[in-house]
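Engineer:
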Ligand code: IMP
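Residue numbers (the numbering used here): 39 to 458.
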């Protein structure tokens, strides 16, 4: 399951729904920059790291090797879930996942401040610096915590580098490696070590037993390090291929790729956004859709649905079907628009240009449809959809070139429609 926009599509809701048929839900990239909200029986759970399937007693939630794990955040989330009566004993973490430690967060914030007006608008969770350390072979893996000598050595080596940057580039105080090692080993390790597994073995054992494994993408296609609007991207690969490297499966194991598309688009942080709205319709989408970050509280930038991007997401991820979220947020609008092409330098373009300067000056060409002006929150079957809402979905599917399989009409677990 992958996001087809810039994140915040409402992936958690459908992951939770589809987890009902899975034995395992695997996160394969990102870290606690993600924020998934699940609403079950009117109770809301905000998750950052633990996979969405945790609320089902039959699901094994697994944090894959491609994820970056802040052990303090992980511990806090596990404690929050346990205190609210959720069984966390099945949660597993790959020994090959990398750790986010406090210096990564400090460096993330300092880099952003250093960039000034050119900042990316990161979540300041240390995601970029942790993945940079992984690429520089300075990263510390979850399994390293299991050997105190190795852990302390690696932390000294990583901080040997990070402290130079903190002190000489940013004029900050150095971090004491042994003090940090003591904290991690005393506060986090006792609980985390119960969760550490050979994740590749766990996943393949489940597949060999014929069970369904759901790979839960965080962030989204256009925040992908390779395929997103670089540099306004995250530091991992949320696209479907990322599930293979971030979990340790080959592409032949993937038999369905569901793209999650919100009925409109939002983006947090900087970067190009052709269908961005700066008017009262945009404010309406933000207000009614409660478009403020689950984690950071930031107001999200709103815009109309962009099927040029959706078609590109179909290609990049081999989407088999699309699930539409938050259709109900459009309920009160007189007309709804969706972008079907761009006009760039006087020419009509239906595919996403690779040259980003063109995306910056792309003018969206819209199809405008009449609104349905009806409350969708209680609609439970496709047959009961107002005709105008059905038309909107039909046009989206036609433009995307793949069928729509699911539509969400409210935050609750039961507020959705399934197309047969
Ligand atoms: P980072 O992932 O914190 O490094 O942030 C890089 C970019 O990705 C920024 O524009 C963030 O706003 C965006 N981003 C990261 N995680 C999410 C998410 O879960 N939803 C939406 N945007 C995100």
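Beta carbons: idealized from backbone N, C-alpha and C, even for Gly.
Going by the C-beta, is residue 73 closer than 7 Å to any heavy atom of the ligand IMP?
Structural biologist: Residue 73: yes, Cβ under 7 Å from the ligand IMP.
Engineer: If you scan the region 89-154 from start to end, which runs of the beta strand (DSSP E) of 3 or more residues do you find wholly inside it?
Structural biologist: Listed in chain order, they are 98-101, 130-132.
Engineer: Among residues of its own chain, excluding the 5 on either side of residue 415, which ones have a beta-carbon nearer than 7 Å to its beta-carbon?
Structural biologist: The answer, listed in chain order, is 366, 447, 448, 453.
Engineer: Mind checking whether residue 82 and residue 53 have CB atoms under 8 Å apart?
Structural biologist: The answer is no: Cβ separation not under 8 Å.
Engineer: Which one or two residues does DSSP pair with residue 299 in a beta bridge?
Structural biologist: Paired residues: 362.
Engineer: Flag residue 464 as yes when its Cβ comes closer than 7 Å to any non-hydrogen atom of the ligand IMP, and as no otherwise.
Structural biologist: For residue 464 there is no data in the structure shown, the boundaries of the chain being 39 and 458.
Engineer: Contact between the region 105-115 and the region 218-238: three or more CB pairs below 8 Å?
Structural biologist: In short, these stretches touch, since the Cβ pair count reaches three.
Engineer: Tell me, to the nearest whole angstrom, how far the beta carbon of residue 313 is from that of residue 438; I am working on the premise that it is less than 8 Å.
Structural biologist: Their Cβ separation, rounded to whole angstroms, is 15 Å, which puts residue 313 and residue 438 out of contact at 8 Å.
Engineer: Within a Cβ cutoff of 6 Å, which residues of the same chain sit near residue 388, ignoring the five residues on either side of it in sequence?
Structural biologist: Here the set comprises 379.
Engineer: So does residue 143 have its beta carbon nearer than 7 Å to some heavy atom of the ligand IMP?
Structural biologist: Outside the cutoff, so no.
Engineer: Comparing alpha-carbon positions, which option in 282, 270, 255 lies nearest residue 307?
Structural biologist: Of the candidates 282, 270, 255, the one whose C-alpha sits nearest the C-alpha of residue 307 is 270.
Engineer: Could you name the residues that DSSP lists as bridge partners for residue 410?
Structural biologist: Residue 410 pairs with nothing; no bridge assigned.
Engineer: Indicate the three-state DSSP secondary structure (helix, strand or coil) for residue 176 in the structure shown.
Structural biologist: Correct three-state label for residue 176: coil.
Engineer: Nearer than 7 Å: is that true of the beta carbon of residue 273 relative to any heavy atom of the ligand IMP?
Structural biologist: Flag set: Cβ of residue 273 near the ligand IMP.
Engineer: Quick one: is residue 129 buried, meaning 16 or more other Cβ sit within 10 Å of its Cβ, or exposed?
Structural biologist: It is buried - the Cβ of residue 129 has at least 16 other Cβ atoms within 10 Å.
Engineer: Once you ignore the five residues that flank residue 164 on each side, which residues in its own chain have a CB closer than 6 Å to its CB?
Structural biologist: The residues are 138, 142, 143, 146.
Engineer: Considering only the alpha carbon of each residue, which of 310, 236, 326, 394 lies closest to residue 102?
Structural biologist: Nearest of 310, 236, 326, 394 to residue 102, Cα basis: 236.
Engineer: Starting from residue 31, follow the beta strand (DSSP E) in both directions and report where the run begins and ends.
Structural biologist: There is no way to answer for residue 31, as the model of the chain reaches only from 39 to 458.
Engineer: DSSP state of residue 226, grouped into three classes?
Structural biologist: Of the three classes helix, strand and coil, the one that applies to residue 226 here is helix, per DSSP.
Engineer: With DSSP as the reference, label residue 169 as helix, strand or coil.
Structural biologist: Correct three-state label for residue 169: helix.
Engineer: At which residues does the alpha helix (DSSP H) containing residue 219 begin and terminate?
Structural biologist: From DSSP, the alpha helix (DSSP H) with residue 219 extends over 215-221.
Engineer: Heavy atom of the ligand IMP less than 7 Å from the Cβ of residue 353, yes or no?
Structural biologist: False, no ligand heavy atom lies under 7 Å from that Cβ.
Engineer: Shortest alpha-carbon distance to residue 215 belongs to which of 187, 315, 209, 208?
Structural biologist: Nearest option by C-alpha distance: 187.
Engineer: Where residue 174 and residue 212 are concerned, what is the direct C-alpha to C-alpha distance, given to the nearest angstrom?
Structural biologist: When rounded, the distance between both Cα atoms is 20 Å.
Engineer: By the 10 Å Cβ neighbour count, where 16 or more other Cβ atoms means buried, how is residue 127 classified, buried or exposed?
Structural biologist: Exposed, because fewer than 16 other Cβ atoms sit within 10 Å of the Cβ of residue 127.
Engineer: Rounded to the nearest angstrom, what separates residue 58 and residue 85 at their Cα positions?
Structural biologist: The straight-line gap from Cα to Cα measures roughly 18 Å.
Engineer: What number of angstroms, rounded off, separates the C-alpha of residue 256 from the C-alpha of residue 41?
Structural biologist: Cα to Cα, residue 256 sits roughly 7 Å from residue 41.
Engineer: What ranges does the beta strand (DSSP E) occupy inside the region 376-433, keeping only unbroken runs of at least 3 residues that lie completely in it?
Structural biologist: Listed in chain order, the complete beta strand (DSSP E) runs (minimum 3 residues) inside the region 376-433 are 385-387, 401-408.
Engineer: Residue 275 and residue 293 - do their beta-carbons sit closer together than 8 Å?
Structural biologist: Contact: no.
Engineer: By a C-beta neighbour count over all protein chains shown, 10 Å radius and 16 as the cutoff for buried, is residue 209 buried or exposed?
Structural biologist: Looking at its Cβ environment, which holds fewer than 16 other Cβ atoms inside 10 Å, residue 209 is exposed.
Engineer: Between the C-alpha atoms of residue 337 and residue 159, what's the straight-line distance to the nearest angstrom?
Structural biologist: If you take the alpha carbons of residue 337 and residue 159, they lie about 12 Å apart.
Engineer: Among 327, 50, 342, 335, which one has its Cα closest to the Cα of residue 316?
Structural biologist: It is 342.
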